[in-house]
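Notes for the one structure printed next.
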Amino acid sequence: MKKQQINKLLFSILIILLASVDGYSQNTVSPEIKQTVIRNGVGLGSVIAVTVSWERNKSILWAILHGVFSWIYVIYYAISQTTK
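For reference, each letter of the sequence shown is one residue, going 201 to 284 in our numbering.
Right, here's the structure in full:
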């Protein structure tokens, strides 16, 4: 496999793992079963931030950091993006 294919595979696995965290972290014994992904899992802003960061930097550490800041990084990216 080429290095680029391996990087895409690792990135895909990372996104799948982040998206599935909510499903495996639910406590089904609790009466509060109705929990949203926004409060307890990966939000849309985090997914967008990780994807944009990966495309720009090709670094897992930067992608994780930008995922933590989520919408702040997405807005920064939108403002700092140059038009072609």
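Glycine is no exception: its CB is placed at the ideal position from the N, C-alpha and C atoms.
task: Note down the Cα distance separating residue 249 from residue 203, rounded to an integer number of angstroms.
output: If you number the sequence shown from 1, residue 249 lands on position 49. If you number the sequence shown from 1, residue 203 lands on position 3. Between residue 249 and residue 203, the C-alpha separation is close to 23 Å.
- request: Taking the CB atoms as reference points, tell me whether residue 270 and residue 262 lie closer together than 9 Å.
  value: One-based indexing of the sequence shown puts residue 270 at position 70. One-based indexing of the sequence shown puts residue 262 at position 62. No, the pair does not count as a contact, with Cβ atoms beyond the cut-off.
- prompt: With residue 267 and residue 280 assumed to form a contact (beta carbons below 8 Å), what rounded beta-carbon distance in angstroms separates them?
  reply: On the sequence shown, position 67 is the one that residue 267 refers to. On the sequence shown, position 80 is the one that residue 280 refers to. The pair is not a contact, with the Cβ atoms about 18 Å apart (cut-off 8 Å).
Reduced DSSP secondary structure (H/G/I, E/B, other) of residue 242: Within the sequence shown, numbered from 1, the residue matching residue 242 stands at position 42. Residue state, collapsed to three classes: coil.
query: Could you give the distance in angstroms between the alpha-carbon of residue 255 and the alpha-carbon of residue 212?
result: Position 55 of the sequence shown, counting from 1, holds the residue named residue 255. Position 12 of the sequence shown, counting from 1, holds the residue named residue 212. Their backbone Cα atoms lie some 12 Å apart in a straight line.
message: Contact defined as beta carbons within less than 8 Å: I believe residue 214 pairs with residue 272. What is the distance between those atoms, to the nearest angstrom?
response: Locating residue 214 in the sequence shown gives position 14, counting from the first residue. Locating residue 272 in the sequence shown gives position 72, counting from the first residue. Not quite, the Cβ-Cβ distance comes to about 20 Å (not below 8 Å), so this is no contact.
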